[in-house]
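K.L.:
Each position in the sequence shown, counted from 1, maps to that position plus 25 in the numbering used here.
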Amino acid sequence: MTEIERAEMMSFKETETTKTTLVLLAVLSLATVIVVSAGLRFRNPIRTRLNRSKLAIIQNAIGEYLSTSPPIDGSLHSFLLQKRPQIDVTTNEIFDVYKTAVKYVIDKRDDGIFVGVYSAGKDKRWGTKDDMKREGTLLLNANKEKIDGK
26 MTEIERAEMM SFKETETTKT TLVLLAVLSL ATVIVVSAGL RFRNPIRTRL
76 NRSKLAIIQN AIGEYLSTSP PIDGSLHSFL LQKRPQIDVT TNEIFDVYKT
126 AVKYVIDKRD DGIFVGVYSA GKDKRWGTKD DMKREGTLLL NANKEKIDGK
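#1: Excluding the five sequence neighbours on either side, which residues of its own chain have a C-beta within less than 7 Å of the C-beta of serine 92, listed in chain order?
#2: Based on Cα-Cα distance, which residue from Lys147, Leu105, Val52 lies nearest to threonine 125?
#3: If you count every other CB in all the chains shown that lies within 10 Å of the CB of arginine 74, and 16 or more means buried, which is it?
#4: Give me the residue from Glu118, Leu165, Arg150, Tyr143 with the minimum Cα distance to methionine 157.
#5: Could you check the C-alpha separation between threonine 115 and glutamine 84 for me, to the nearest Å?
#6: For lysine 44, name the three-state secondary structure that DSSP assigns.
#7: Let me make sure I understand the geometry here. Which of Ala56, Gly152, Asp136, Val130 has the alpha-carbon closest to that of arginine 159?
#8: State yes or no: is the C-beta of glutamine 107 within less than 9 Å of the C-beta of isoleucine 82?
#9: To the nearest angstrom, how far is the alpha carbon of aspartate 135 from that of lysine 154?
#10: If distances are taken between C-alpha atoms only, which option among Val48, Ile138, Arg150 comes closest to leucine 165?
#11: Return helix, strand or coil for glycine 161, following the three-state DSSP convention.
#12: Using only the alpha-carbon positions, how far apart do tryptophan 151 and alanine 145 sit?
#13: Distance, Cα to Cα, glutamate 118 vs leucine 55?
#14: Lysine 79 by DSSP, collapsed to three states: which one?
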């Protein structure tokens, strides 16, 4: 085998290796695109459900704060900082999954205490279709006299 034939054979092997490498890179690139797009597709519904759960946790914690006997000294925020570390709280704001401050309403009514917790959703703007709310009433005890010992 002459030098030229050997060089041609080496060149052919290198070309085949290059083709195999390119095909492998193309397949890996396509797989990466599929995985990333699937992750983006399912990420938003999962975060939406997580945010809904977070609102329920916040509402439950507010109910716990309001129903604690004897009443707790200090603000709701300090209570949450101490008792519920999984809730993202600063000294004056409570945050949802999207790191946006939630709004909450506490309203004493005849049948109990209304507690509403509201999130602006993933777009972080109020008044849009992705806003979320969680509302409920903390019922006052009908047998309060028995509990008070009267």
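Positions of the beta carbon are idealized from the N, C-alpha and C atoms, including for glycine.
Just so it is clear, the structure is predicted and the values come from calculations on it, not from any experiment.
P.N.:
So, from the listed chains and residues:
#1: Leu163
#2: Lys147
#3: exposed
#4: Tyr143
#5: 17 Å
#6: helix
#7: Val130
#8: no
#9: 32 Å
#10: Ile138
#11: strand
#12: 5 Å
#13: 43 Å
#14: helix
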